[in-house]
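Laid out in structure tokens, this is it:
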């Protein structure tokens with residue numbers, strides 16, 4: 005019980021920090037970047053559930069993000085549906101698709117799964133580009149309405165910041181709860197020894213599919229939020245490069261670490277902004293990061309940095325001494 | 031052109047692109063069979079072949095043959111360096127780690143190419159002129175014939191190497207059973223190195239012969255690599271005729287689909303086929319009776 | 226309780242098991258012995274759903290379970306431990322046993338994510354039960370140690386505790402005494418007997434003859450994929466065919 009309590013404290017202090025940040029920032033530009041951090045956090049956490057906990061590779065997660073964005077966009081722009089309703093529909097539809105896709109695709113392992121998810125991601129990307137009548141094709145879709153509750157319209161960066169981060173915090177909380185529960189244990193068990201997990205009655209196949217669907221639903225919600233805050237979407241944001249970026253975020257932060265995903269998302273969103281001058285170099289940096297992190301810090305920053313710091317500390321022993 | 035002439039046209043050009051896919055696919059299969067790794071970076075060697083040749087030809091102004099040979103040489107070196115630096119140290123990495131690393135390498139190579147040569151597309155001159163030939167009512171460019179011929183040549187060389195030379199047989203031994211191979215004195219690490227070298231060489235050749243037709247730029251590797259992988263999957267990851275047939279089949283289906291159905295979805299065809307095969311028959315269609323490669 | 230009929234398993238060109246038939250009685254400790262290569266672990270793998278059989282049938286309490294996957298068997302009360310212990314190495318000792326209670330709980334993703342009251346109550350119950358089973362095996366003091374760091378003997382005990390948490394009606398143990406010293410083996414024997422006394426049917430594959438003869442009520446002997454003999458320990462010890470096959474070694 006004591007352990008649970010410290011988790012709660014950790015989360016609450018994190019949440020408070022997040023919610024106080026706008027007071028420290030002046031300038032709409034930074035606020036805009038932080039909105040992106042929020043969206044990427046939702047995406048990274050969602051992917052981590054699949055990648056870090058269930059141990060399944062997905063190189064096509066940008067597709068779910070895009071699906072959420074486009075379904076929301078189309079429903080609100082072309083059919084003038086209420087934005088919140090559209091979000092729910094987008095999330096459920098994407099979840100259903102992922103659920104059905106999950107059964108055949110999660111039979112695959114390792115490289116084959118990676119390629120299959122990659123293929124799936126690219127197929128959807130092509131669909132976004134080609135169905136011009138519905139999606140506006142490569143030139144994108146604009147005029148997506150902002151979200152609003154009663155008289156409150158989310159139409160500037162600060163308001164969007166709070167909107168997105170409420171969702172992000174909820175996502176983090178739900179994921180933490182899941183990780184520390186029976187389901188989380190079952191997932192980690194699958195990771196460590198699938199055969200023993202099955203022997204304990206864990207329905208591995210079904211659970212993987214469920215997590216896949218959950219991950220897709222969260223990504224779709226992020227897509228929906230993205231569409232309504234940017235008011236403009238185009239297929240370019242939902243391609244293979246972004247899928248790889250998401251995987252990089254999760255890996256850097258640390259597989260299986262929810263807060264790590266936030267860290268990875270924050271870093272990969274902020275870094276390009278800080279290195280504006282080196283715009284085109286980011287693709288190289290991602291490649292290097294992926295290679296170096298996997299080789300030298302497989303646990304991600306969340307575990308690697310403390311480990312390094314710890315090893316650098318002089319050995320402190322009781323009593324004084326030189 | 032009437033429909034049947036069109037179909038012949040599509041089939042012929044499909045066979046040509048299919049040959050390219052076959053070469054790339056063989057590269058995947060060779061590395062997979064000797065290491066169990068899928069080298070996501072395979073497509074980048076194809077890109078390097080074309081881009082390096084362009085560079086040496088147009089910028090350094092070397093004669094074309096020299097440019098091509100140098101390109102192949104450098105691409106092969108990159109493959110070897112990659113194996114040494116990133117693959118060898120990670121013998122006991124999880125499949126996830128290996129996937130990530132090869133993806134990282136592919137991004138890195140692509141990024142460096144973009145930095146060095148920019149984002150423009152370039153083309154190489156046709157090997158023997160632009161005059162189209164007419165075969166059975168369809169038009170072929172001489173380049174297509176070059177592609178067929180060189181692909182055939184490489185496949186034959188491959189066959190000879192793997193079945194009649196000592197090191198080739200050694201590599202096959204490694205792919206069947208690593209431990210047994212090392213027990214009889216085969217230097218497995220060397221074989222792994224060779225497989226990377228051969229695959230990157232073949233990939234770069236594929237890039238060179240395709241570039242006059244399909245242009246080349248820093249990011250051609252992604253799609254070509256994936257389609258080559260698709261060819262290998264259809265062929266059951268065989269280092270021989272299976273993958274070749276897989277590539278040809280893919281090329282033809284893609285060409286027919288693009289021509290008869292819709293050209294925008296052309297790229298999607300390969301991936302739909304990929305998914306279908308992985309879902310329904312992951313061991314491939316053209317897998318020979320030689321069992322247990324995986 | 227567990228009945229195997231005409232079980233045959235062929236791997237490519239190798240016949241690992243041929244026409245094996247025997248019955249395990251409820252509430253007893255049965256030992257499966259045989260020289261190396263006799264097919265004992267293959268037999269376990271088939272019964273516990275990890276391998277498929279080539280022909281034959283398996284019945285558990287009258288129900289045909291021949292094609293059941295491991296997760297389904299777990300819900301029927303059949304659990305198995307592994308020769309090389311398959312622990313969840315990155316989880317703590319306590320968490321390992323908590324996974325054993327997976328079938329005894331039912332909170333789904335929704336309930337867990339939103340920490341619904343039903344889930345919280347269940348979590349508490351799971352934790353208590355898990356601790357109980359750790360105490361039963363004498364390793365409750367290791368509850369928060371990472372399972373991968375355990376010395377082998379304790380790892381074995383953990384695997385058994387985890388299996389017991391499932392509340393099985395029958396437990397298959399694959400060479401549980403392998404790698405244990407004399408004191409640990411005695412500890413193991415105690416636990417197995419305690420299990421029997423609580424009504425669980427135990428089937429062991431073992432090479433440790435002393436252990437087998439000591440605690441088993443009946444024995445099945447396999448040799449080269451075939452059933453050689455069945456009977457009480459005394460009968461088996463005096464069976465000439467068994468002696469020949471084995472040359473009587475532990």
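Protein chains in written order, with my numbering: chain A, 5 to 326; chain B, 31 to 324; chain C, 226 to 475. Glycine is no exception: its CB is placed at the ideal position from the N, C-alpha and C atoms.
Legend entry - Host alpha helix (DSSP H) of residue 388 of chain C (start-end): 377-390
Inset, instruction - Using beta-carbon positions only, say whether residue 46 of chain B and residue 274 of chain B come within less than 7 Å of one another. - result: no
Legend entry - Minimum Cβ-Cβ distance from residue 51 of chain A to chain B less than 7 Å: no
Legend entry - Proximity to residue 270 of chain B [Cα-Cα], best of B:226, B:257 and B:188: B:188
Legend entry - Closest residue to residue 40 of chain A among A:231, A:263, A:260 and A:245 (Cα-Cα distance): A:231
Inset, instruction - Taking residue 141 of chain B as the query, report the chain A residues whose CB atoms sit under 7 Å from its CB, ordered along the chain. - result: 287, 288 and 291
Legend entry - Contact under 7 Å by Cβ, residue 226 of chain A with residue 93 of chain A: no
Legend entry - Among A:173, A:170, A:211 and A:171, the one whose alpha carbon lies nearest that of residue 187 of chain A: A:211
Legend entry - Beta-carbon proximity list for residue 253 of chain B, same chain, < 8 Å, skipping 5 on both sides: 73 and 297
Legend entry - Those runs of the alpha helix (DSSP H) which lie wholly inside the segment 69-152 of chain A and span at least 4 residues: 87-109, 114-134 and 136-139
Inset, instruction - Let me know if residue 400 of chain C comes out buried or exposed under the rule of 16 or more other beta-carbons within 10 Å of its beta-carbon. - result: buried
Inset, instruction - Output yes if chain A places a C-beta closer than 7 Å to the C-beta of residue 476 of chain C; else output no. - result: Any question about residue 476 of chain C goes unanswered here, given that chain C covers just 226 to 475.
Legend entry - When A:42, A:91 and A:24 are compared against residue 174 of chain A, the one with the closest alpha-carbon: A:42
Legend entry - Rounded separation between residue 107 of chain B and residue 79 of chain B - CA only: 12 Å
Legend entry - Supposed contact pair residue 132 of chain A and residue 239 of chain A - C-beta distance, whole angstroms, cut 8 Å: 4 Å
Inset, instruction - Measure from the C-beta of residue 315 of chain C to each C-beta in chain A and report whether the shortest distance is under 7 Å. - result: yes
Inset, instruction - State the DSSP-derived secondary structure class of residue 286 of chain A, mapped to helix, strand or coil. - result: helix
Inset, instruction - Within the same chain, show all residues whose beta-carbon is closer than 8 Å to that of residue 475 of chain C, passing over the 5 residues directly before and after it, in chain order. - result: Reliability of the predicted coordinates at residue 475 of chain C is poor, the pLDDT of 47 falling under 50, and the value obtained from them is presented with this limitation in mind. Excluding positions up to five away in sequence, the list reads 432, 433, 434 and 435.
Inset, instruction - Could you tell me if residue 224 of chain B is buried or exposed, where buried requires 16 or more neighbouring beta carbons within 10 angstroms of its beta carbon? - result: buried
Inset, instruction - For the beta strand (DSSP E) holding residue 246 of chain C, just list the boundary residues, first then last. - result: 239-249
Inset, instruction - Can you give me the Cβ contacts of residue 257 of chain B inside the same chain, cut-off strictly under 6 Å, excluding the 5 residues immediately before and after it? - result: 51 and 300
Inset, instruction - Could you work out which residues of chain B lie near residue 119 of chain A, taking near to mean beta carbons separated by less than 8 Å? - result: 68, 256, 259, 263, 304 and 308
Inset, instruction - Select from B:184, B:303 and B:283 the residue whose C-alpha is nearest the C-alpha of residue 43 of chain B. - result: B:283
Legend entry - Closest residue to residue 345 of chain A among A:44, A:31 and A:54 (Cα-Cα distance): The requested residue 345 of chain A does not occur in the structure, where chain A is confined to residues 5 to 326.
Inset, instruction - Return the chain-ordered list of same chain residues with a C-beta closer than 8 Å to the C-beta of residue 205 of chain B, the five sequence neighbours on each side being excluded. - result: 63, 64, 269 and 323
Legend entry - Ordered list of alpha helix (DSSP H) runs contained in the segment 159-206 of chain B, each at least 4 residues: 172-194 and 196-206
Legend entry - C-alpha distance - residue 71 of chain A paired with residue 237 of chain A, whole-angstrom precision: 11 Å
Legend entry - C-beta neighbour in chain C for residue 217 of chain A, strict 7 Å: no
Inset, instruction - Examine the Cβ distances between the segment 244-254 of chain C and the segment 414-424 of chain C and report whether three or more of them are shorter than 8 Å. - result: yes
Legend entry - Residue-chain proximity (residue 404 of chain C, chain A), Cβ-Cβ < 7 Å: no
Legend entry - Three-state class that DSSP yields for residue 320 of chain B in the structure shown: Confidence at residue 320 of chain B is low in this model, with a pLDDT of 42, below 50, so its placement is unreliable and no value can be given for it.
Inset, instruction - Just grab the DSSP bridge partners of residue 347 of chain C for me. - result: For residue 347 of chain C, which the question treats as bridged, DSSP gives no partner whatsoever.
Inset, instruction - Name the one or two DSSP bridge partners that residue 157 of chain A has. - result: A:152
Inset, instruction - Say yes only if the C-beta of residue 112 of chain A is nearer than 6 Å to one or more non-hydrogen atoms of the ligand NAD, and no if none qualify. - result: With respect to small molecules bound, the structure shown includes none, and the ligand NAD cannot be examined in it.
Legend entry - Test item: CB-CB of residue 77 of chain B and residue 250 of chain B under 7 Å: yes
Legend entry - Start-to-end residues for the alpha helix (DSSP H) that takes in residue 439 of chain C: 434-440
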